[in-house]
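Mapped onto the working numbering, the consecutive letters of the sequence shown carry residue numbers 1 to 522. Just so it is clear, CB atoms sit at the ideal spot from N, CA and C, and this is done for glycine as well. Take a look at the structure set out below.
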Amino acid sequence: MDNKHRGITVTGLMRQAAKYNANRIAIVADDRVLTFSEAWARGVRLANAFLLLGLVPGDRIAVLEDNGIEAQDFFLGAAIAGLVRVPLYARNSSESHAQMLDHTGSRAVIFSEKYEPELTEALSLSSGVEYLIPRSHDYEEWLDSFSDRDPDIRIEPDDWYIIRHTGGTTGKSKGVAYSHKTWLDAGRDWFYNFPPMEAGDVCMHVGPISHGSGYLYTPTWLSGGTNLLLDQFEPDFVLERMAEKDVAYMFLVPSMLNALVRNPKALELDFSSLKVIQIGGAPVADETALLGRDIFGEVMYQGYGQTEALPVCMMGPKEWFSSVEGSTPLRSAGRVLPFAYLEIRDIEDSSVAVPLGAEGEIAIRCDGQMIGFWENRDATKEKISMDGFVLTGDIGRLDSNGYLYVLDRKDDMIISGGFNIWPAELENVILGHPDVVEVGVFSIPHQKWGETPAAVCVVVGEAKVTESEIIELCGKQLGSYKKPGRVIFQTDPLPKSPVGKIQRKVLREPFWDKNSRRVEGA
Numbered sequence: 001m002d003n004k005h006r007g008i009t010v011t012g013l014m015r016q017a018a019k020y021n022a023n024r025i026a027i028v029a030d031d032r033v034l035t036f037s038e039a040w041a042r043g044v045r046l047a048n049a050f051l052l053l054g055l056v057p058g059d060r061i062a063v064l065e066d067n068g069i070e071a072q073d074f075f076l077g078a079a080i081a082g083l084v085r086v087p088l089y090a091r092n093s094s095e096s097h098a099q100m101l102d103h104t105g106s107r108a109v110i111f112s113e114k115y116e117p118e119l120t121e122a123l124s125l126s127s128g129v130e131y132l133i134p135r136s137h138d139y140e141e142w143l144d145s146f147s148d149r150d151p152d153i154r155i156e157p158d159d160w161y162i163i164r165h166t167g168g169t170t171g172k173s174k175g176v177a178y179s180h181k182t183w184l185d186a187g188r189d190w191f192y193n194f195p196p197m198e199a200g201d202v203c204m205h206v207g208p209i210s211h212g213s214g215y216l217y218t219p220t221w222l223s224g225g226t227n228l229l230l231d232q233f234e235p236d237f238v239l240e241r242m243a244e245k246d247v248a249y250m251f252l253v254p255s256m257l258n259a260l261v262r263n264p265k266a267l268e269l270d271f272s273s274l275k276v277i278q279i280g281g282a283p284v285a286d287e288t289a290l291l292g293r294d295i296f297g298e299v300m301y302q303g304y305g306q307t308e309a310l311p312v313c314m315m316g317p318k319e320w321f322s323s324v325e326g327s328t329p330l331r332s333a334g335r336v337l338p339f340a341y342l343e344i345r346d347i348e349d350s351s352v353a354v355p356l357g358a359e360g361e362i363a364i365r366c367d368g369q370m371i372g373f374w375e376n377r378d379a380t381k382e383k384i385s386m387d388g389f390v391l392t393g394d395i396g397r398l399d400s401n402g403y404l405y406v407l408d409r410k411d412d413m414i415i416s417g418g419f420n421i422w423p424a425e426l427e428n429v430i431l432g433h434p435d436v437v438e439v440g441v442f443s444i445p446h447q448k449w450g451e452t453p454a455a456v457c458v459v460v461g462e463a464k465v466t467e468s469e470i471i472e473l474c475g476k477q478l479g480s481y482k483k484p485g486r487v488i489f490q491t492d493p494l495p496k497s498p499v500g501k502i503q504r505k506v507l508r509e510p511f512w513d514k515n516s517r518r519v520e521g522a
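This is the structure in structure tokens:
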């Protein structure tokens with residue numbers, strides 16, 4: 001059936017882009033280059049392989065992979081076959097893999113050969129997977145054995161497209177379900193404030209397109225741009241590719257940006273093709289953001305959202321680094337996008353919005369938000385309010401100019417002597433010290449105040465920073481009641497979740513293991 005008789009879907013628009021940009025470069029990975037027509041044909045072959053295996057539209061299919069030609073095969077192949085993608089996290093445990101497979105009802109798993117040992121263990125704990133599709137040495141020959149005739153599966157805008165999982169820092173990961181429409185809406189809004197993408201512009205993916213960077217993959221394909229896929233983050237190599245391939249767009253989490261701007265090679269290369277470096281996924285330190293602007297120019301963009309709803313805020317370089325009376329844009333997450341709602345809700349009563357300037361839970365509603373948690377009505381009801389807002393679990397405030405300040409996660413709040421303290425406030429200040437590479441702030445018991453903040457700082461071996469320096473720094477910038485009661489230094493990295501977030505609960509557990517509860521009153 002012709003696309004004009006159907007609603008707008010990821011598959012339909014990618015099919016159209018492949019037709020209209022057939023001879024342009026669509027994919028670059030390692031030393032391989034694919035035109036749109038070549039990439040689409042590979043996706044069609046993989047879709048036909050899935051269908052001949054016995055999978056039917058709507059079935060869930062999991063994937064465990066790094067970036068590469070094979071990753072784009074799956075990105076296209078699952079969409080063409082009408083299957084629902086379920087990306088697994090490479091850093092997850094086997095138990096987590098099994099839980100994701102089982103609760104999504106995934107019938108098949110396709111995976112890179114390097115992940116076979118851990119996936120084999122996961123499958124021993126799982127009960128529902130019927131088909132295993134390893135990408136072994138004969139993958140190319142296997143793929144080429146299937147037809148490149150488009151199966152032209154009928155797909156509707158409200159059909160499921162992908163199930164992405166939350167990080168699982170507070171228990172079992174929950175599946176965030178997107179339809180074709182909501183996935184397209186999210187990608188459209190990501191690019192709303194960006195300089196226009198032109199055919200041939202290069203978008204580099206240093207993170208897996210199966211996860212966060214995938215939000216930029218689809219709009220790049222639809223615009224006739226080139227998706228450049230890297231299978232690892234190695235700062236020297238990333239910087240060289242940025243310069244060699246005239247990269248225009250890219251997505252980075254703050255830790256990646258921090259590694260790039262502090263690399264000597266960043267001062268030697270030409271990045272004049274850059275239009276956008278999108279920063280997201282975690283708060284970014286002021287110093288890192290400013291260094292990014294100094295090295296890469298006026299190309300830095302910061303967005304706010306979460307897997308359940310995104311993006312909600314976006315801020316470009318002129319705004320991010322500007323001076324605004326009554327606001328501090330550098331410390332903010334930007335202002336709400338034109339097509340989203342943003343409110344701060346009362347922590348105790350999520351149906352009530354608090355006044356501007358007051359702290360509370362960030363609540364958002366946008367076109368690119370999840371339909372709900374997969375097969376989890378109770379969790380969906382807790383996450384989505386009666387009026388359709390996603391309750392983020394993040395604590396924040398809005399100032400009189402509409403800038404959003406993200407203070408912390410709701411359940412990481414420290415109450416010391418009756419004062420509320422958000423760890424992220426201290427972490428942002430402590431990261432400003434030149435000797436501190438990483439920091440995690442959390443509560444520990446205190447005989448007088450009930451709780452007090454503790455900070456574990458990662459430093460390089462020769463660092464001379466002292467505990468009193470850190471305490472004085474926080475007291476000066478945030479006030480005496482917010483300074484840490486204890487500072488610990490180490491050279492080992494902090495524990496992180498599979499999506500790279502510092503696990504404060506892991507850091508704080510040793511200090512509370514003799515307590516019957518994890519909060520203390522004064």
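#### Entry: Distance, Pro338 Cα to Val253 Cα
24 Å
#### Entry: Chain-order list of residues whose beta-carbon lies under 8 Å from that of Glu70 (same chain, five-residue window excluded)
Ser112, Arg135, Tyr139
### Task
Keeping to the same chain, check which residues put their C-beta closer than 7 Å to that of Phe296; ignore five residues upstream and five downstream.
Phe271, Leu274, Ile277
### Task
Check whether the Cβ atoms of Ile430 and Arg486 sit closer than 9 Å, and answer yes or no.
no
### Query
Can you tell me whether Asp524 is buried or exposed, with buried defined as 16 or more other CB within 10 angstroms of its CB?
A query on residue 524 cannot be resolved here, the shown segment of the chain reaching from 1 to 522 and no further.
### Query
Which runs of the alpha helix (DSSP H) spanning at least 4 residues fall entirely within the region 115–141, listed in chain order?
116–124
### Query
Within 10 angstroms of its Cβ, does Tyr20 collect 16 or more other Cβ (buried), or is it exposed?
exposed
### Task
Return helix, strand or coil for Asp144, following the three-state DSSP convention.
helix
### Query
So, are the CB atoms of Gly368 and Thr226 less than 9 Å apart?
no
### Beta-carbon proximity list for Ala333, same chain, < 6 Å, skipping 5 on both sides
Tyr304, Cys313, Leu404, Val406
### Task
Tell me, please, which residues DSSP counts as bridged to His527.
Any question about residue 527 goes unanswered here, given that the chain covers just 1 to 522.
### Message
Could you tell me the alpha carbon to alpha carbon distance between Asn376 and Gly479, rounded to whole angstroms?
### Response
43 Å
### Task
Spell out whether any CB of chain B is found under 9 Å from the CB atom of Ala26.
You won't find chain B in this structure, because it holds only one protein chain.
### Query
Mapping DSSP to helix, strand and coil, what is Gln302?
strand
### Query
Which term fits Ala358, buried or exposed, when burial requires 16 or more other beta carbons within 10 angstroms of its beta carbon?
exposed
### Query
Is there contact between the region 48–62 and the region 22–37, where contact requires at least three CB pairs shorter than 8 Å?
no
### Message
Would Val437 and Val460 qualify as a contact pair, given that the criterion is a beta-carbon distance under 9 Å?
### Response
yes
### Task
Identify, in the order they occur along the chain, each residue of the same chain with its Cβ nearer than 8 Å to the Cβ of Arg149, setting aside the five sequence neighbours on each side.
Val44, Asn48
### Task
Can you tell me which of the three DSSP states Asp394 falls into?
strand
### Query
Are Leu88 and Leu101 close, meaning C-beta to C-beta below 9 Å?
yes
### Message
In the DSSP output, which residue or residues are listed as bridge partners for Val28?
### Response
Val33, Leu228
### Query
Ends of the alpha helix (DSSP H) at Val429?
423–430
### Task
May I have the straight-line CA-CA distance separating Gly224 from Glu198, to the nearest angstrom?
7 Å
### Task
For my contact list, Leu64 and Val109 are in at a C-beta cut-off of 8 Å; report their separation, rounded to the angstrom.
7 Å
### Task
Taking Val284 as part of the beta strand (DSSP E), name the residues at either end of that continuous run.
No beta strand (DSSP E) holds Val284; DSSP gives it neither H nor E.
### Query
Who are the Cβ neighbours of Glu298 in its own chain at under 6 Å, not counting the five residues just before and after it?
Pro317
### Task
State buried or exposed for Tyr192, treating a residue as buried only when at least 16 other CB atoms are found within 10 Å of its CB.
exposed
### Query
Looking only at its own chain, which residues have a Cβ that is under 8 Å from the Cβ of Ser322, when we skip the five neighbours before and after it?
Pro329
### Message
Applying the 10 Å Cβ sphere with the 16-neighbour rule, what's the burial state of Leu356?
### Response
exposed
### Task
Report the partner residues of Leu404 according to the DSSP bridge assignment.
Leu398
### Reduced DSSP category for Ile490 - H, G, I as helix; E, B as strand; rest coil
Here the sequence assigns Gln to residue 490, which means Ile is not the residue at that position. In the structure shown, Gln490 sits in a strand (DSSP, three-state: E or B).
### Message
So if DSSP puts Asn420 in a beta bridge, which residue, or which two residues, is it bridged to?
### Response
Ile415
### Task
Less than 8 Å between the CB atoms is what I'm expecting for Met370 and Ala177, so what's the real figure, rounded?
6 Å
#### Entry: Between the CA atoms of Arg107 and Asn557 - distance to the nearest angstrom
Nothing can be reported for residue 557: it is not among the residues displayed for the chain, which extend from 1 to 522.
### Task
To the nearest angstrom, report how far apart Thr380 and Asp158 are at their CA atoms.
18 Å
### Segments assigned alpha helix (DSSP H), at least 4 residues, entirely inside the region 236–277
254–261
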